[in-house]
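As numbered in the UniProt record's numbering, residues 1 to 395 make up the sequence shown, in order.
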Amino acid sequence: ELEKQMKIENLFVTWQQRSAQSNMPISLADLETLKQSSRLVHYCATPLLFDAAFRQQIQTDQQGKAEGKKRHRSNDSTASGRDRSHSCDSAEALPCKVKEEPWLQEMCNAFLQQYIQYLQSMGFILVQVRPPSPTARSSTSRIRALAAMGVEGRGSFSYTKPKAEGSPKSTSPAVATYHLQRALPGGIVLMELAFQGYYFCVKQYALECSRIPMGQSVNSQLSMLFTEECDKVRDLMHVHSFSYDFHLRIVHQYLLGSHMTLRQGYHLTSFLEDFIAHHPDIPKFGRNHVFQGVLALPTNMITAHQLYNYIADHANTYHMKPLRMARPATGSDNKKGPPGTEQNEYALVSIWNSSGSYKDSEGLRHHDDFDVSLLVCHSAAPFEEQSEAERRMLR
């Protein structure tokens, strides 16, 4: 026990220095000791919604939950200004990935790296984890950690967290976990970031100085300031708003064609419909917004199908461009057809820049420039299933 306290004390002193030496790699055992000695202050999780099968699984799980299960939000209080995000009492309650695809894994990596950058802007420093020696690996069968390469060459900053033997989710690949620390005079704030399935999970730990020998003499004011700082970090996590903005940034980049993170032919309108349903309220700290509307026009002499196809064929005339979306063919039993039986649909896209004023969460007015994307699709049942009136109404 004394040895553990000495290791934690050494970490605290080293990290306080904020020098090159303070960012030297630490062992996985020391990291685990630090977490075990700390308090878990906050835990929240938010889903990555780009996989259609995973979105369906979430909807099914939510419908099957008992009414007593409440959705914990990390920002219900307007006074505290906390962001709202899904949270679970146990990480085991989160559904696992439905399938594994390279482009989805790249999306998870991009999300992680961007959130790491956000925490770094708040003064957090990445914790480098040293791979265990062969002797340590053989003597510690419970912890098998390997250095995992991050998307920006940050392999030494993450480790691969293996699933427990016999776990129902053990078929999923190992999860890369990142840690960031912020050492204050009153203690250490430690953040743990990882994806469990397609859920992005954040844990906030706090270690007060009073828990280590050299901190016993810390005055009460420093302890109070540390507690206030922990609350501030929790209030500024903004996991739900960050996720909301990330999804919409990816969509805008995809429409621009500048960052092809989504696969070719991705069914964007289905995603946006599910995304809007999943977020009935715009997050308080979200910087991006998505809105949905319906326009109905009678076509009279020609069918709505013919008119929409004409517009799609002459999209350039209307300063728009067609966007191909592949929807898997379904049979009468609503099951996916064999591979290669996708049905192509076409949406119309227009992108421009605009400027204007807006009010922030504090009611202050700002003026800024905005990137605007317009996505138009024909909302109709298959032609043979439409009534005559429906065939003459373009929606």
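C-beta: ideal position from N, C-alpha, C; glycine also.
Owing to the predicted nature of the structure, the values given are computational and were not obtained by experimental measurement.
request  = Look up alanine 136 in the DSSP assignment and say whether it is helix, strand or coil.
outcome  = Unreliable placement is indicated for alanine 136, whose pLDDT of 48 sits below 50; the coordinate value is still reported in the next sentence. Reduced to three states, the DSSP call for alanine 136 is helix.
query = leucine 190: which of Phe124, His247, Ser223, Val251 sits nearest, CA to CA?
reply = Phe124
ask   = In its own chain, which residues sit with a C-beta less than 8 Å from the C-beta of proline 244, not counting the 5 before and 5 after it?
value = According to the sequence provided, residue 244 is tyrosine. The question's proline does not apply to it. Excluding sequence neighbours, tyrosine 244 sits near His279, Ile282, Pro283, Gly286, Asn288.
inquiry  = I'd like to know if the region 232-241 and the region 293-303 are in contact, where contact means that at least 3 CB-CB pairs between them fall below 8 Å.
reply    = no
query = Considering only C-alpha positions, which residue in the set Leu2, Glu1, Phe200, Leu34 is nearest to phenylalanine 12?
reply = Leu34
query = Taking the alpha-carbon positions, what's the isoleucine 26 to histidine 247 distance?
reply = 34 Å
request  = Work out the CA separation of tyrosine 205 and proline 39 for me, nearest whole Å.
outcome  = The displayed chain sequence assigns arginine, not proline, to residue 39. Rounded to whole angstroms, arginine 39 to tyrosine 205 spans 5 Å at the Cα level.
inquiry  = For threonine 177, tell me which candidate among Asn10, Leu255, Tyr115 has the shortest Cα-Cα distance.
reply    = Tyr115
ask   = Taking the alpha-carbon positions, what's the cysteine 108 to valine 127 distance?
value = 20 Å
ask   = Considering only residues of the region 27-71, which uninterrupted alpha helix (DSSP H) runs meet the minimum length of 4 residues and lie entirely inside it, listed in chain order?
value = 28-37, 52-64
Beta-carbon contacts of threonine 171 that lie in its chain and below 6 Å, excluding the five residues immediately before and after = For threonine 171, the pLDDT reaches just 39, beneath the cut-off of 50, and the residue's location in the model is therefore unreliable, leaving the point undetermined.
task = Compare the C-alpha of leucine 394 against each of Pro322, Leu295, Glu384, His366 and name the closest.
result = Leu295
inquiry  = Tell me which residues share the same chain as serine 373 and place their Cβ nearer than 6 Å to its Cβ, disregarding the 5 neighbours each side in the sequence.
reply    = His252, Leu255, Ile351
key: Reference leucine 119; option with closest CA among Ser220, Tyr198, Leu2, Met237   = Met237
ask   = Is it right to say aspartate 51 is buried, meaning 16 or more other beta carbons lie within 10 angstroms of its own, or is it exposed?
value = buried
Whole-number beta carbon distance between glycine 187 and phenylalanine 226, since they are thought to touch under 8 Å = 5 Å
key: CA-to-CA distance, proline 322 to leucine 180, given in whole angstroms   = 43 Å
key: Residues of its chain near leucine 222, where Cβ-Cβ distance is below 6 Å and the 5 sequence neighbours each way are ignored   = Pro185, Gly186
query = Closer than 7 Å: is that where the CB of proline 132 sits relative to any heavy atom of the ligand ZN?
reply = Summarising the ligand content, the structure contains no ligands, and the ligand ZN is consequently not present.
message = Taking only three categories from DSSP, how would you classify leucine 295?
response = coil
query = From alanine 347 to glutamine 292, what distance separates their C-alpha atoms?
reply = 14 Å
request  = Report back the beta-carbon spacing between alanine 194 and glutamine 16 to the nearest angstrom; my notes put them in contact at under 8 Å.
outcome  = That pair is no contact at about 26 Å.
query = Where do the N-terminal and C-terminal ends of the alpha helix (DSSP H) with serine 223 fall, by residue?
reply = 220-236
request  = Assuming arginine 327 contacts histidine 378 (C-beta within less than 8 Å), just tell me the rounded distance between them.
outcome  = The pair is not a contact, with the Cβ atoms about 13 Å apart (cut-off 8 Å).
query = Quick one: what does DSSP say arginine 73 is sitting in, helix, strand or coil?
reply = Because arginine 73 sits at a pLDDT of 48, beneath the cut-off of 50, its placement in the model cannot be relied upon, and the following sentence gives the value as read from the coordinates. Arginine 73 falls in the coil class under three-state DSSP.
request  = Please state whether DSSP places glutamine 128 in a helix, a strand or coil.
outcome  = coil
query = Grouping DSSP H, G and I as helix and E and B as strand, with all else coil, what is leucine 262?
reply = coil
task = Taking all protein chains shown into account, decide if alanine 277 is buried (16 or more other Cβ within 10 angstroms of its Cβ) or exposed.
result = exposed
query = What three-state label does DSSP hand phenylalanine 12 in the structure shown?
reply = helix
Alpha-carbon to alpha-carbon, phenylalanine 54 and threonine 60 = 10 Å
request  = Please name the residue or residues paired with aspartate 369 in a DSSP beta bridge.
outcome  = Ser355
message = Going by C-alpha to C-alpha distance, which of Ala380, Gln62, Leu49, Asn219 sits closest to leucine 309?
response = Here residue 309 is asparagine; the residue named in the question, leucine, does not match the sequence. When only C-alpha atoms are compared, the closest one is Ala380.
ask   = Skipping 5 residues on each side, what residues in its chain have a beta carbon closer than 7 Å to that of aspartate 369?
value = Asn353, Ser355
query = If we count the other Cβ atoms within 10 Å of its Cβ and call it buried at 16 or more, is isoleucine 8 buried or exposed?
reply = buried
key: Exposed unless 16 or more other CB atoms sit within 10 angstroms - verdict on leucine 104   = buried
inquiry  = Taking its Cβ as the centre, do 16 or more other Cβ atoms sit within 10 Å of proline 47, making it buried, or is it exposed?
reply    = buried
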